[in-house]
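First the structure, in the form of structure tokens, and then the observations on it.
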Amino acid sequence: PSALREVLLEVPNVRWEDIGGLEEVKQELREAVEWPLKYPKAFQRLGITPPKGILLYGPPGTGKTLLAKAVANESEANFIGIRGPEVLSKWVGESEKRIREIFRKARQAAPTVIFIDEIDAIAPARGVHEGAHYMETLLNQLLTEMDGIEENSGVVVIAATNRPDILDPALLRPGRFDRLILVPAPDEKARLEIFKVHTRRVPLADDVDLEELAKKTEGYSGADIEAVVREAALIALRGAVSKTPRELVEEQAEEFLEKLRVSRKDFE
Ligand code: ATP
Numbered sequence: 019p020s021a022l023r024e025v026l027l028e029v030p031n032v033r034w035e036d037i038g039g040l041e042e043v044k045q046e047l048r049e050a051v052e053w054p055l056k057y058p059k060a061f062q063r064l065g066i067t068p069p070k071g072i073l074l075y076g077p078p079g080t081g082k083t084l085l086a087k088a089v090a091n092e093s094e095a096n097f098i099g100i101r102g103p104e105v106l107s108k109w110v111g112e113s114e115k116r117i118r119e120i121f122r123k124a125r126q127a128a129p130t131v132i133f134i135d136e137i138d139a140i141a142p143a144r145g146v147h148e149g150a151h152y153m154e155t156l157l158n159q160l161l162t163e164m165d166g167i168e169e170n171s172g173v174v175v176i177a178a179t180n181r182p183d184i185l186d187p188a189l190l191r192p193g194r195f196d197r198l199i200l201v202p203a204p205d206e207k208a209r210l211e212i213f214k215v216h217t218r219r220v221p222l223a224d225d226v227d228l229e230e231l232a233k234k235t236e237g238y239s240g241a242d243i244e245a246v247v248r249e250a251a252l253i254a255l256r257g258a259v260s261k262t263p264r265e266l267v268e269e270q271a272e273e274f275l276e277k278l279r280v281s282r283k284d285f286e
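Residues in the sequence shown are numbered from 19 upward in steps of one, following my numbering.
Okay, structure coming up:
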């Protein structure tokens, strides 16, 4: 078994308009990633050094992965997505090889956005974990690769974490992940936007009031809202397919969905 699975280049299909709320974060990513990737010469001419590394931090399910994919897509860049825990390998030396391979591929395919989700898994502050020696080599490999990214080479690294507090400070030094962007839980207005995004292609009953739903879903993340809509559509589908009363389902639905109801006639 080898951790050296092939590094996959992706062209994500996420657009800015697929992300509800987060307007300021999107603008910051446009300026820090999209513009430098699209107009490198202008940046050179003006002597502006764009960041090589950006750290998105905030609670789970708030759109960090979506943002990284959208900025790659909107910048017409390739995308390489990895998860911290997945890079960890039992086989000494394999993880470092994988990191090297990822950056090699990224340079080759530039412009490329490398996205490292759950970076805290590979870069916890030294001493946080037992057996940290092995992690330290891995972290050092990552830092070496980051330091080796040349200005305007078209490679940008975006990392995400729910735990910025446990990251090794070496990671956050200038020239590494020196741009920190908070991706907050959605407020009511953002939740409405997220409901709109996820119901775009879903036929809604006339009495569905998304504004009311946004109000009632305090504390829900974007991922939770997506789940609510998916679940609602599924319940409508089940009802349309079986035509028998599904009280249990209805009851759960009531609880889970409050008033979101997908119009059944569209399935019949
Ligand atoms: P984690 O910290 O758990 O990795 P994350 O912040 O990376 O989460 P995503 O993977 O981007 O979250 O979001 C998960 C799913 O939730 C997305 O595929 C999307 O459907 C939905 N979602 C989250 N935030 C938003 C948003 N702002 N607008 C639209 N959909 C969203």
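Even for Gly, the Cβ is constructed at its ideal location relative to N, Cα and C. Please read all numbers here as calculations on a predicted model, not as lab measurements.
With 16 or more other CB atoms across the displayed protein chains lying within 10 angstroms of its CB, K44 is buried. Proximity to G172 across E41, V25, V51 peaks at V51, based on C-alpha coordinates. Taking the CA atoms as reference points, A245 sits about 29 Å from D183. Between the segment 202-210 and the segment 31-46 there are three or more inter-stretch CB-CB distances shorter than 8 Å, so the stretches are counted as touching. At a Cβ-Cβ threshold of 8 Å, P30 and F97 count as neighbours. For D138, the three-state secondary structure derived from DSSP is helix. Proximity to I132 across L26, L156, A223, G111 peaks at L26, based on C-alpha coordinates. Going by beta carbons, D135 and R101 fall inside the 8 Å limit.
Cβ-Cβ separation between P54 and R197: approximately 12 Å, too far for a contact (criterion under 8 Å).
Taking non-hydrogen atoms of ligand 1 into account, the C-beta of I100 is found less than 7 Å away from none of them.
Excluding five sequence positions before and after V247, the CB atoms of its chain that fall closer than 8 Å to its own CB belong to F213, H216, T217, V220, L278, given in chain order.
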